[in-house]
Amino acid sequence: MMRKQLWIFILTILLPCHWAVADGGSAVASLSSNSAEVGEELQLEIRASGLKNPQPPEVRVEGLAIRFQGRQEQQQLSIVNGNFTSTSSISFNYSVVPEKPGRFEIPPIKIVSDKGSFTTESLRLEVKGSAEGESSPRMFAETVLPKNSAYVGEAIPVELRFYVDAAIRWQIEQAPAFAADGFTTQKLGKPSQNQVSRGGKTYDLVTFKTAITPVKIGKLTIGPVELPCAAQVPQKRRHARPGIGSLQDFFNDDFFASQLQAVRRVAIKSAAQELEIKALPTGAPSGFSGAVGQFELSTSASPLSVKVGDPITMKISVHGRGNLDRVTAPALSDATGWKTYAPSAKIEPDDDLGISGTKRFEMAVVPQELKTETPELVFAYFDPVAEAYKVLRTERFSLSVAPSGAPAVGNAVALPASPLPAEPAAKTILHIVDSDSGWGRSFAPLYVRKQFWLWQIVPASGVLLLGASALWRVKAKAKSGRDARLQQAKQQAMRQMLGCAIAREDFYRTALDYLQSEAARSSERTPSTLECADVCGARSISGELSRAVEEVFETCQSLRYSGADAGREQIGDEERDRVLKTLKSYEETHARP
Amino acid sequence: MRALKLLLLFCFTTTVLFAGEFGVANRHYEEGGYAEAKQVYERLVQSGTLSANLFYNLGNTEYKLGNKGRALLNYERALALEPSHPEAKANLQLLREETGAQLGERNLLQRLFSALGINVYVAMGAVAFWSALLGIMLNYTTSSRTWWPVVFSLALASFGLTGAWVCSQERALAVITASVGEARFAPAENSVLVGKLPTGSRVHLLADRGAWSYVALPDGKRAWMASGALEKIHP
Chain S
82 MMRKQLWIFI LTILLPCHWA VADGGSAVAS LSSNSAEVGE ELQLEIRASG
132 LKNPQPPEVR VEGLAIRFQG RQEQQQLSIV NGNFTSTSSI SFNYSVVPEK
182 PGRFEIPPIK IVSDKGSFTT ESLRLEVKGS AEGESSPRMF AETVLPKNSA
232 YVGEAIPVEL RFYVDAAIRW QIEQAPAFAA DGFTTQKLGK PSQNQVSRGG
282 KTYDLVTFKT AITPVKIGKL TIGPVELPCA AQVPQKRRHA RPGIGSLQDF
332 FNDDFFASQL QAVRRVAIKS AAQELEIKAL PTGAPSGFSG AVGQFELSTS
382 ASPLSVKVGD PITMKISVHG RGNLDRVTAP ALSDATGWKT YAPSAKIEPD
432 DDLGISGTKR FEMAVVPQEL KTETPELVFA YFDPVAEAYK VLRTERFSLS
482 VAPSGAPAVG NAVALPASPL PAEPAAKTIL HIVDSDSGWG RSFAPLYVRK
532 QFWLWQIVPA SGVLLLGASA LWRVKAKAKS GRDARLQQAK QQAMRQMLGC
582 AIAREDFYRT ALDYLQSEAA RSSERTPSTL ECADVCGARS ISGELSRAVE
632 EVFETCQSLR YSGADAGREQ IGDEERDRVL KTLKSYEETH ARP
Chain P
128 MRALKLLLLF CFTTTVLFAG EFGVANRHYE EGGYAEAKQV YERLVQSGTL
178 SANLFYNLGN TEYKLGNKGR ALLNYERALA LEPSHPEAKA NLQLLREETG
228 AQLGERNLLQ RLFSALGINV YVAMGAVAFW SALLGIMLNY TTSSRTWWPV
278 VFSLALASFG LTGAWVCSQE RALAVITASV GEARFAPAEN SVLVGKLPTG
328 SRVHLLADRG AWSYVALPDG KRAWMASGAL EKIHP
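Quick mapping for you: the protein sequence lines, in order, are chains S and P.
Position one of the first sequence corresponds to residue 82 (my numbering), numbered consecutively onward.
Position one of the second sequence corresponds to residue 128 (my numbering), numbered consecutively onward.
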């Protein structure tokens with residue numbers, strides 16, 4: 082009775098209950114921790130409850146690298162005062178990595194949904210770093226410049242140094258990128274790597290070298306420089322979820338944290354550096370074309386004995402350190418009586434940066450009149466160390482120029498035979514060709530043309546045919562050799578069988594050899610391996626002949642395996658004739674078509 | 128048999144027609160109508176029926192019209208079709224001296240194999256290869272054992288294939304047809320100049336990026352040039 086009443090009581094409580102679906106919405110943001118170190122990853126969770134189709138908000142805070150990681154949907158059932166309540170919520174998870182020390186505030190975050198928009202509370206985060214006197218940073222970068230000011234056009238060597246804690250396993254993902262607005266940059270060379278000690282810590286040091294050349298004046302900025310890399314950094318995951326407490330603390334222990342190594346993509350950054358770029362002073366000498374640096378000039382000329390109109394090759398070398406690519410060929414200080422052609426140029430660098438080396442020019446100069454020495458060539462450049470323009474001049478070489486035999490320019494004399502051309506010894510192109518032969522050519526090489534490969538079928542077929550015929554000849558020769566041997570064996574056997582005093586056993590053995598040799602002509606097998614059935618089958622014989630052949634086999638075997646004296650008597654003529662007839666009949670079956 | 132006759136007739140007619148147009152262009156040239164001559168020559172080129180003489184004459188026409196770069200390009204094309212074309216060689220040499228065109232140094236292999244065309248080396252290699260194979264088969268299928276023809280054929284085949292390979296590297300050569308070829312550090316008009324090359328100079332085309340081409344200059348440096356300023360010798 083009591084039990085029945087209890088059940089009635091319980092049902093009375095439960096039956097009228099109803100599912101209550103939570104109405105309204107809310108948005109809550111939480112950080113896994115409100116203090117961290119530079120580079121330590123935290124989790125930011127924004128939970129939107131009771132909202133329909135909320136959109137993940139974009140969260141940006143300077144100094145914090147915030148990355149959206151994903152969303153999670155949850156359905157929660159709860160009983161409140163006997164009422165069942167169902168709440169759906171969506172969590173947007175973000176990874177937060179502080180990039181620098183300081184105090185940060187994540188502002189209120191707005192969640193937009195079909196039900197409207199909801200805003201979270203702001204969150205505070207305190208980030209400790211090496212600037213506060215704590216342990217040395219794990220990774221950092223420096224840009225090393227030899228000076229703080231330079232002239233426009235001056236080549237400046239630059240070192241990009243990246244330091245990474247030697248305890249971290251890391252690798253470079255891409256070459257470093259750096260902003261260098263107002264500069265041209267050389268290609269980065271291969272980096273060098275070694276280990277150094279700084280601030281009591283051992284670092285892997287990777288150094289990239291390059292050279293920059295400013296192209297405009299003013300205060301220009303180099304960098305910041307950024308090196309993308311992947312590093313395995315021990316992670317201490319701190320979760321703010323309640324109720325799990327002691328288990329999380331267990332896994333937050335340093336031992337486990339050191340095992341939990343996540344590969345993170347990080348960018349090692351250096352600060353930007355300023356350079357003051359000055360304009361080149363006024364008063365540049367004539368012939369200055371923008372070469373800045375420190376240079377030396379040398380030259381040679383050959384031949385030194387020519388006729389008017391013959392070219393002399395002048396080889397000029399500009400050796401030094403500076404913007405070699407802007408160095409142009411020295412020009413003639415006085416071009417009167419000389420004709421020049423555009424020179425060729427070649428740089429031979431001494432270093433990987435390309436700012437030290439030798440630039441060689443080859444120039445053809447042609448004396449148009451009688452000369453006694455080679456022309457002087459002038460090279461002007463700006464020396465940033467001396468802060469002055471300098472002019473280098475090549476030495477002159479003694480030259481012997483003989484008249485060409487034709488009238489000199491400006492001294493035209495009319496010859497009776499034909500009028501003089503406007504320029505002496507002027508060359509002109511050959512006339513067009515009238516011949517209309519040679520059509521049907523193509524730029525496409527033979528090996529891309531279908532016809533070429535089709536033609537290869539001819540020799541390929543020839544080679545294949547030759548091979549096939551050679552193979553067939555070898556086979557035929559082998560067969561005919563075998564046939565000859567078998568025929569010989571048969572003839573020998575016949576001679577023996579026809580002999581007068583042959584024992585019965587020997588006669589039947591020889592007859593057997595004869596039959597086997599004859600049968601082997603129709604097969605590839607060795608004669609001695611052929612049994613009676615094989616011999617009959619080789620010629621498809623049946624009836625009386627087959628029985629006669631069987632009799633030869635049986636008689637031979639019975640004589641072979643009977644007693645020592647059996648079969649030693651001489652064979653009779655009648656028996657001999659019968660067996661020989663059998664052999665002849667068998668042989669004749671080969672001749673039948 | 129009838130099909131063969133029709134084919135021969137077609138080839139003959141085509142040749143006559145093209146020869147006729149070629150004669151027309153030549154007449155224009157003789158009369159000083161260089162622009163008209165150029166039109167007809169270019170029409171013949173577009174039609175796909177080519178000859179070394181066609182490009183040689185087109186080169187002369189371009190020279191007369193003042194386009195030295197294009198003249199050099201067409202002489203190069205004539206020599207690409209017929210390496211021993213004497214007139215094209217002579218005019219090319221003359222024009223190169225006139226413009227100061229830069230060519231870059233050739234390595235030993237290129238100098239060695241420059242005498243003949245790629246097709247000669249390919250044909251040589253093919254014939255020598257099949258001869259060597261035939262020689263090997265004969266040695267194994269007959270009683271005679273003479274190996275020196277096989278060795279010689281193999282050597283000739285190697286020579287031919289090497290020549291073909293060396294010549295194929297030159298298919299990426301281009302000629303600067305603009306009056307001055309400006310080579311720049313980057314594919315942009317305002318990029319710093321690496322250098323300037325006179326018209327007719329040869330560069331090695333490394334990559335084509337639409338309006339800009341990445342080239343190797345005669346002095347070995349790499350730079351960007353406007354694609355419109357140069358044209359490949361082997362189209």
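Glycine included, each C-beta is placed from N, C-alpha and C at the ideal position.
query: Would you say P362/P reaches chain S, if we count a Cβ-Cβ gap shorter than 8 Å as a contact?
result: True, the Cβ-Cβ gap to chain S drops below 8 Å.
Neighbour flag for A284/P against chain S, beta carbons, 8 Å: At least 8 Å separates the CB of A284/P from every CB of chain S.
message: Check whether chain P comes within 8 Å of I510/S, counting only Cβ atoms and requiring the distance to be less than that.
response: At a cut-off of 8 Å between beta carbons, I510/S contacts chain P.
task: Compare the Cα-Cα distances from A228/P to each of Y422/S, E139/S, A292/S and E126/S and report the closest residue.
output: Taking only the C-alpha atoms, the option nearest A228/P is Y422/S.
- request: Classify H512/S as buried or exposed, calling it buried when 16 or more other Cβ atoms lie within 10 Å of its own Cβ.
  value: The C-beta of H512/S has fewer than 16 other C-beta atoms within 10 Å across all chains shown, which makes the residue exposed.
message: Give me the chain P residues within the contact set of F524/S, using Cβ-Cβ distance strictly less than 9 Å, ordered along the chain.
response: Correct list: L177, R204, A207, L208, R298, I360, H361 and P362.
message: Could you pull the DSSP bridge partners for C581/S from this structure?
response: Assignment of beta-bridge partners to C581/S by DSSP yields no partner.
message: Just to confirm the assignment, what range does the beta strand (DSSP E) spanning F687/S have?
response: Within the shown structure, residues of chain S are numbered from 82 to 674, placing residue 687/S beyond reach of any answer.
field: Between the CA atoms of L535/S and M269/P - distance to the nearest angstrom
entry: Reading off the sequence shown, one finds Thr at residue 269/P, where the question assumed Met. Straight-line spacing of the CA atoms in T269/P and L535/S works out to 29 Å.
query: Does DSSP classify N174/S as helix, strand or coil?
result: If DSSP states are grouped into helix, strand and coil, N174/S belongs with the strands.
query: Near G244/P, what residues of its chain come up, given a Cβ to Cβ distance below 6 Å and the 5 sequence neighbours on each side ignored?
result: Short of 6 Å from the beta carbon of G244/P, and not among the five residues preceding or following it, lie these beta carbons of its own chain, in chain order: P210.
field: Rounded separation between N218/P and Y161/P - CA only
entry: Straight-line measurement puts the Cα of Y161/P at about 17 Å from the Cα of N218/P.
- request: Could you name the residues of chain P that P540/S contacts, counting a contact when the two beta carbons are closer than 7 Å?
  value: Correct list: W257.
- prompt: So is D335/P in contact with chain S if we call contact Cβ pairs under 8 Å?
  reply: No, because no Cβ of chain S sits closer than 8 Å to the Cβ of D335/P.
message: For Q537/S, would you say it is in contact with chain P, using Cβ-to-Cβ distances shorter than 8 Å as the test?
response: Yes, because at least one Cβ of chain P sits closer than 8 Å to the Cβ of Q537/S.
message: Let me check understanding here. Comparing Cα to Cα, which of S203/S, A117/S and K228/S lies closest to P179/S?
response: The residue from S203/S, A117/S and K228/S with its alpha-carbon nearest to that of P179/S is A117/S.
query: If you draw a straight line from the C-alpha of V151/P to the C-alpha of N246/P, how long is it?
result: If you take the alpha carbons of V151/P and N246/P, they lie about 31 Å apart.
query: Which of the residues in the segment 398-430 of chain S, read from start to end, lie with their CB under 8 Å from any CB of chain P?
result: If the cut-off is 8 Å between Cβ atoms, the segment 398-430 of chain S has D406, Y422, A423, S425, A426, K427 and I428 near chain P.
- request: Identify every run of the beta strand (DSSP E) within the segment 264-298 of chain P, keeping only runs that are complete inside it and at least 3 residues long; order them along the chain.
  value: Fully enclosed beta strand (DSSP E) runs of 3 or longer: not present.
query: When the cut-off is 8 Å and only beta carbons count, does L547/S lie next to chain P?
result: Interface residue, yes.
- prompt: In or out: Q267/S buried (at least 16 other Cβ within 10 Å) or exposed?
  reply: Q267/S comes out buried.
- request: Out of T380/S, R402/S, L405/S and S414/S, point me to the one whose CA is closest to M395/S's CA.
  value: The shortest CA-to-CA distance from M395/S to any of T380/S, R402/S, L405/S and S414/S is the one to T380/S.
- prompt: So the beta strand (DSSP E) T283/S belongs to, where does it begin and stop?
  reply: For T283/S, the enclosing beta strand (DSSP E) covers residues K282 to P295.
Local conformation of N275/S per DSSP, three classes: N275/S: strand per DSSP, three-state reduction.
Coarse secondary structure for L664/S, derived from DSSP in three states: Annotated three-state conformation of L664/S is helix, per DSSP.
query: Quick one: what does DSSP say Q229/P is sitting in, helix, strand or coil?
result: Note: Q229/P maps to coil in three-state DSSP.
- prompt: If you draw a straight line from the C-alpha of E121/S to the C-alpha of E143/S, how long is it?
  reply: Near 16 Å, if we compare the C-alpha coordinates of E143/S and E121/S.
message: For a test of the three-state rule: what should DSSP assign to A259/P, helix, strand or coil?
response: Correct three-state label for A259/P: helix.
- prompt: Mapping DSSP to helix, strand and coil, what is W553/S?
  reply: In the three-state reduction of the DSSP assignment, W553/S falls in the helix class, which pools H, G and I.
- request: Check the Cβ of A162/P against every Cβ in chain S and list those closer than 8 Å, keeping chain order.
  value: Under the 8 Å cutoff, chain S gives no residues; its nearest Cβ is about 15 Å from A162/P.
field: Where L434/S meets chain P, residues with beta-carbon distance less than 9 Å
entry: Neighbours of L434/S on chain P: none; closest Cβ ~15 Å, over 9 Å.
Pairwise C-alpha distance: A551/S and L661/S: Each residue's Cα considered, the two are about 41 Å apart.
- request: Name, going along the chain, the residues of the segment 302-320 of chain P whose beta-carbon falls closer than 7 Å to a beta-carbon of chain S.
  value: Going along the segment 302-320 of chain P in chain order, one finds F312 and V319 with a Cβ nearer than 7 Å to chain S.
message: Among Y168/P, F182/P and E358/P, whose alpha-carbon lies nearest the alpha-carbon of L332/P?
response: Ranking Y168/P, F182/P and E358/P by Cα distance to L332/P puts E358/P first.
- request: Could you say if the segment 617-626 of chain S and the segment 648-660 of chain S meet the contact criterion of at least three C-beta pairs nearer than 8 Å?
  value: No contact exists between the segment 617-626 of chain S and the segment 648-660 of chain S.
- prompt: Excluding sequence positions up to five away, which residues of its chain have a Cβ less than 7 Å from the Cβ of P137/S?
  reply: Cβ contact annotation for P137/S (same chain, cutoff 7 Å, sequence separation greater than five): F149, R152 and F173, in chain order.
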